[in-house]
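*Asks:*
Protein chains in written order, with my numbering: chain B, 511 to 889; chain P, 181 to 598.
So, in C-alpha cells, the structure goes:
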C-alpha cells in the first residue's frame, strides 16, 4: 500500500532482477514510492529523533517522508504538498518539524506529529533554501530566495524578523551555528555570523570561476564550523576555511565529476556538482554530480576515497543520516542536458541508500548487510 | 631599480600571454604547457629543445609550440621564462598593459553593461582576452585603494559581489579581489551592526585589523573578464588574514598568478596528473561575464577544445531554468494526488521543444495556463504578494494554498520572473 497515491513511473518491478542495471549499479537499497518527478533535496532526521527518517522534496510539488529501518527497508510515512516544486527541506533540531521551501514563493512548517503544514515565510520569488537556526537566544528559519533576499522568520509571526539583501539570487546555503554561508548567482559568496542576531560577516571572493551550485559547511575537530565546501557547475569543489592559518595552503579546489580523465583525444565532459554533504562523524565529504556518480573525499588528506559506478541519470541530492551510517542519494533528471530530443518523458526517480561501513583503521565505504544479516530486500 | 631593469612587469608567458607572480612559476608553466612532448610527456626547457627531442626520439616533427596563441607558435624562438622574448613583443605588452590601466580607470566610473559587452566581443581567442584583463588589476589595485567611496552602480554583476564597504576589518584579508559590486545602499547600514556581532568568529581577525582606516578597503573594480578571476580567485587565499596587508601594494602581487592548474595550488592527488595535462579546461570553459542585470541572462562558454561543460548555455541555475518551464508554472492546488504526473509529462513532450532554447522569459511569454488553473488564484483568501497571509488560517489539509505565486508577473508581483 502506498501512502503517496498512485505512483506511476517505476516500481513495477524488474529492478531487482537486473544484474548491472544502470538505475542502481551500486546495488543500493531503493526507496519505495519515490516522488513522481525529480528530487531536489533530501534530509535525514536529526539525532534527537530515534530512528532514521528521510525527507525528500521534489519537483512534483510534494515532500515525502520515509522511515528507513535498520534492515534497509524504507517505509513511506507521510506527505505534504506545495503549489510549486519544492526546492529545499530541513529539519528542526528536535526532529518534530520539517521546513520546506518551494517555487511557490512560500516556505512551510510541517508538524510531523499532527501532519499539518502551515506557511511561515513569503518571498517575491521562489525560495531556494531553508534552514533552521537554533541559537541560544533565538530560533528562526532562514530562507534564501531568488528575489535576492535572505530572510529570517520567527515561525510565529508573518513578518520576517530580519531581511538581508543579497547581491544576487540565492543559489545555495548552509547553516551550522554560529555560521551561515550563502552562495548566490554571479558567483557571490557571503558568510554570516549568527550570534545574537544574524549579520553579514564577510563577503568572499569566490574560489571558483563558475556558477555556484551547492555548498556545505564543515566543522573542525572542536565541532565548530571552520569552513565550507563549495561546488560549481564546472565539476569542481572548493574547500575554503574561514580563518585558516595559511590560506594559500589550506584552501584548495579539486576537480570532480568529469569524464575521460586521462583521455586527451576527446573533449572531457564536465558535469555540475549537484550537492555536497559532510559525514557527521568522519568529516569526509560526499559529492554528487550530473554525471550520475557520487564520490567520497577526504579533504584533510586531500584524497578521493571512492567513486560510485555511473548511474543512468544525474544524481540530484544527497544526505547522510545523523550518525553517518546511511547515505541517501537521489537519481533523477536535473535538466543539465536538455536538448530538443532528450526530454525524458518518463523520469525514473529513485532514492538509494548505501550503508556506510567503518573499518578499524580507516574509513571505507560501501554497502553492507545489516547486522542481523537478514537479506536486504531490493525493492 | 637597477640599471638593468628586470623587464619591469610581472613575468608573463610569451606563448600564451598569461601573467605569473614569479619567474619560477612561469618557467614551470612553460615547461608543462608549452615545452612538453605530447608523445612521451617529457618536459623540455625550450621550444627548440622540444623540437629536437621529438625529432630525435620520436622521429616526429612539430610545427608549433603547443598551447600557444596564434602568432606565438614559433618553435624556433628560444624563450626561457622571460628571457628571449623579442623586444618588440615586450614593448607591445607594456603598451597593452598601460592601455588596460587607462581603460580600467575610465571604466570604473562608467556604466558597466556596455563595457562588458565590449570586452566580450573583442576579437581573438578567449585567452587573449584573458590575459589582458588579468593585467589590469595589478595596476588598478593601487589607485582604487585610495578611493574611499564606491562608485555606485559600478560593476557588472559578473563579478563576485565583494561588498566590502561595510567591512573594514575584513578588508585586509581580502585585499586582492574584493570585487565591488553594485551594492544596494542598504548594505552600508550593515557595518555598524556587524562590527559588534562578530563574536566568536572574528577574534583572530580583529587582532590585526584595528588600525585599518575604514575607507581604505578596495572598491576594486574588477575587470569584466572571468579569467581575471580565475587567477585571482585561486590566489586570493594567499592573502593571509593578517594585519600587514595595510599597504595596498602589499596586496597587489597576489593577484595574477597562473591558473588554477598551477602546481602550487594543491589539488587532489587523484588529479595532479590530469591537472597538468588537461589543465586547459578551467581556462577555456570560463564563463563569460554575465551581462548586467537584464532580463537576458548571459551565456556560458561551454565548449572548448579540451572540454565540454555539460550545462545549458544560459548562466542561470538549473533550477531556475527548470522552474521557467511551462509545466512548473502551473499552480494547481494538488490535493495530495499525484497522478498529475502523467498529463504534464505528455504535455511537456509537446511543449518542450519550442521552449528549449528560450532565454528566460518575458512574462507574457509562457502561458499555457490550462483552464483548470484559472480558478484557484482568485479563490485564495486575500493574498497579496509580499504580504503575509495570516497563519494557521485554513490550516492545512495537506497543504495550504499559498498565495498564487506561480502566477505570472503581470498578474501579481512586478518583481521577479516567477
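Glycine included, every Cβ here is placed at the ideal spot set by N, Cα and C. The structure presented is a predicted model; accordingly, all values stated were derived computationally and were not measured.
1) According to the neighbour-count rule (16 or more other Cβ atoms, all chains shown, within 10 Å of its Cβ), is residue 620(B) buried or exposed?
2) With 8 Å set as the bound, which would you pick, yes or no: does the beta-carbon of residue 786(B) sit closer than that to a beta-carbon of chain P?
3) Which residues share a DSSP beta bridge with residue 652(B)?
4) Keeping to the same chain, check which residues put their C-beta closer than 7 Å to that of residue 466(B); ignore five residues upstream and five downstream.
5) Go ahead and pull the three-state DSSP assignment for residue 695(B).
6) My understanding is that residue 842(B) touches residue 823(B), with C-beta atoms under 8 Å, so please give their C-beta distance in whole angstroms.
7) Does residue 741(B) come out as helix, strand or coil in the three-state DSSP assignment?
8) If you compare alpha carbons, which of 605(B), 757(B) and 826(B) is closest to residue 784(B)?
9) For residue 905(B), list the residues DSSP reports as bridge partners.
10) Scan the region 581 to 600 of chain B for residues whose Cβ lies nearer than 9 Å to a Cβ of chain P and list them as they occur along the chain.
11) Using a cut-off of 8 Å between C-beta atoms, extract the partners of residue 206(P) located in chain B.
12) Quick check on residue 235(P): does DSSP put it in helix, strand or coil?
13) I'd like to know if residue 727(B) contacts chain P, where contact means its C-beta is closer than 8 Å to some C-beta of that chain.
14) Determine the extent of the alpha helix (DSSP H) in which residue 498(P) is found, giving its start and end residues.
15) At a cut of 8 Å, does the region 266 to 286 of chain P reach the region 227 to 241 of chain P through at least three beta carbon pairs?
16) Is residue 851(B) buried or exposed, if buried means 16 or more other CB atoms sit within 10 Å of its CB?
17) Measuring straight from C-alpha to C-alpha, what distance separates residue 488(P) and residue 799(B)?
18) Give the single residue among 653(B), 731(B), 540(B) and 686(B) whose Cα lies nearest to the Cα of residue 670(B).
19) Does residue 613(B) come within less than 8 Å of chain P when only Cβ atoms are used?
20) Can the beta-carbon of residue 584(B) be found less than 8 Å from the beta-carbon of residue 611(B)?
21) If residue 739(B) sits next to residue 758(B), beta carbons under 8 Å apart, how far is it from one beta carbon to the other, in whole angstroms?
22) On the DSSP bridge list, what partners appear for residue 279(P)?
23) Could you give the DSSP three-state label for residue 606(B): helix, strand or coil?
24) If we call anything under 8 Å between Cβ atoms a contact, is residue 712(B) one with residue 695(B)?
25) For residue 194(P) and residue 273(P), I'd like the C-alpha separation in whole angstroms.
26) Under 8 Å between C-beta atoms, does residue 841(B) make it to chain P?
27) Quick check: what's the CA-CA separation for residue 596(B) versus residue 690(B)?
28) Compute the Euclidean distance between the alpha carbons of residue 277(P) and residue 555(B), then round it to the nearest angstrom.
29) Quickly, what does DSSP pair residue 828(B) with across the bridge? List them, please.
30) Taking 8 Å as the CB-CB cut-off, is residue 860(B) touching chain P?
31) Let me check understanding here. Comparing Cα to Cα, which of 217(P), 502(P), 227(P) and 495(P) lies closest to residue 254(P)?
32) Going by the beta-carbon positions, is the gap between residue 837(B) and residue 793(B) smaller than 8 Å?
33) From which residue to which residue does the alpha helix (DSSP H) around residue 203(P) run?
34) If you measure from the beta carbon of residue 198(P) to each beta carbon in chain B, is any gap under 8 Å?
35) Which first and last residues belong to the alpha helix (DSSP H) in which residue 814(B) is found?
36) Since residue 683(B) meets chain P, which of its residues come closer than 7 Å, beta carbon to beta carbon?
*Replies:* Considering the structure as presented:
1) Taking the first chain and counting its residues from 1, one reaches residue 620(B) at position 110. With 16 or more Cβ atoms within 10 Å of its Cβ, residue 620(B) is classed as buried.
2) On the first chain, position 276 is the one that residue 786(B) refers to. By this cut-off, residue 786(B) is not an interface position.
3) Start at 1 with the first residue of the first chain, and residue 652(B) comes out as number 142. Answer by DSSP bridge pairing, in chain order: 641(B) and 662(B).
4) Residue 466(B) cannot be examined here, being either before or after the span of chain B that is shown, 511 to 889.
5) Against the first chain, residue 695(B) aligns to sequence position 185. In this structure, residue 695(B) counts as coil in the three-state DSSP scheme.
6) As a working mapping, residue 842(B) is identified with position 332 in the first chain. As a working mapping, residue 823(B) is identified with position 313 in the first chain. About 6 Å; that satisfies the 8 Å criterion.
7) Taking the first chain and counting its residues from 1, the one referred to as residue 741(B) is at position 231. In the structure shown, residue 741(B) sits in a strand (DSSP, three-state: E or B).
8) Position 274 of the first chain, counted from the start, is the residue given in the question as residue 784(B). Nearest option by C-alpha distance: 826(B).
9) The requested residue 905(B) does not occur in the structure, where chain B is confined to residues 511 to 889.
10) 589, 590, 591, 592, 593, 594, 595 and 597
11) Locating residue 206(P) in the second chain gives position 26, counting from the first residue. By Cβ distance, chain B contributes nothing, its closest Cβ being about 18 Å from residue 206(P), past 8 Å.
12) Along the second chain, one-based indexing puts residue 235(P) at 55. DSSP places residue 235(P) in helix when its eight states are reduced to three.
13) Along the first chain, one-based indexing puts residue 727(B) at 217. Cβ-Cβ to chain P under 8 Å: no for residue 727(B).
14) As a working mapping, residue 498(P) is identified with position 318 in the second chain. Per DSSP, residue 498(P) belongs to the alpha helix (DSSP H) from 498 to 503.
15) no
16) Against the first chain, residue 851(B) aligns to sequence position 341. Legend: pLDDT at residue 851(B) = 36, less than 50; position of this residue unreliable, no value from coordinates given.
17) Here residue 488(P) refers to the residue found at position 308 of the second chain. Here residue 799(B) refers to the residue found at position 289 of the first chain. Approximately 15 Å between the Cα atoms of the pair.
18) What you label residue 670(B) is simply residue 160 of the first chain in a count that begins at 1. Of the listed residues, the one whose Cα sits closest to residue 670(B) is 653(B).
19) On the first chain, residue 613(B) is found 103 positions in, with the first residue counted as 1. Cβ-Cβ to chain P under 8 Å: yes for residue 613(B).
20) For the purposes of this step, residue 584(B) is taken as residue 74 along the first chain, with counting starting at 1. For the purposes of this step, residue 611(B) is taken as residue 101 along the first chain, with counting starting at 1. Not a contact, by the Cβ cut-off of 8 Å.
21) As a first step, residue 739(B) must be located in the first chain, where it is residue number 229. As a first step, residue 758(B) must be located in the first chain, where it is residue number 248. Not really, about 18 Å apart at Cβ, beyond 8 Å.
22) Position 99 of the second chain holds residue 279(P). Bridge partners of residue 279(P): none, in fact.
23) Position 96 of the first chain holds residue 606(B). If DSSP states are grouped into helix, strand and coil, residue 606(B) belongs with coil.
24) What you label residue 712(B) is simply residue 202 of the first chain in a count that begins at 1. What you label residue 695(B) is simply residue 185 of the first chain in a count that begins at 1. Not closer than 8 Å, so no.
25) One-based indexing of the second chain puts residue 194(P) at position 14. One-based indexing of the second chain puts residue 273(P) at position 93. Looking at the two C-alpha atoms, the distance is approximately 9 Å.
26) As a working note, residue 841(B) is residue 331 in the first chain. It does not; no Cβ of chain P falls within 8 Å.
27) For the purposes of this step, residue 596(B) is identified with residue 86 of the first chain, where counting begins at 1. For the purposes of this step, residue 690(B) is identified with residue 180 of the first chain, where counting begins at 1. Their Cα atoms are separated by approximately 21 Å.
28) For this step, residue 277(P) is matched to residue 97 along the second chain. For this step, residue 555(B) is matched to residue 45 along the first chain. The straight-line gap from Cα to Cα measures roughly 56 Å.
29) Walking along the first chain from the start, residue 828(B) turns up at place 318. BP columns for residue 828(B) point to 839(B).
30) What you label residue 860(B) is simply residue 350 of the first chain in a count that begins at 1. Confidence is the limiting factor: at residue 860(B) the pLDDT is only 48, short of 50, which leaves the residue's position unreliable, though a coordinate-based value still follows. Taking Cβ atoms only, chain P never reaches closer than 8 Å to residue 860(B), which makes this a no.
31) Walking along the second chain from the start, residue 254(P) turns up at place 74. Closest by alpha carbon: 227(P).
32) As a working note, residue 837(B) is residue 327 in the first chain. As a working note, residue 793(B) is residue 283 in the first chain. Taking 8 Å as the Cβ cut-off, residue 837(B) and residue 793(B) do not qualify as a contacting pair.
33) Translated into the one-based positions of the second chain, residue 203(P) becomes position 23. Its alpha helix (DSSP H) spans residues 203 to 209.
34) For the purposes of this step, residue 198(P) is taken as residue 18 along the second chain, with counting starting at 1. Judged by the 8 Å Cβ criterion, residue 198(P) is not in contact with chain B.
35) Residue mapping note: residue 814(B) aligns to position 304 of the first chain, counting from 1. No alpha helix (DSSP H) contains residue 814(B), which is instead part of the beta strand (DSSP E) from 813 to 817.
36) In the first chain, residue 683(B) corresponds to position 173, counting from 1. Per Cβ cutoff of 7 Å: no residues; residue 683(B) is ~13 Å from chain P at best.
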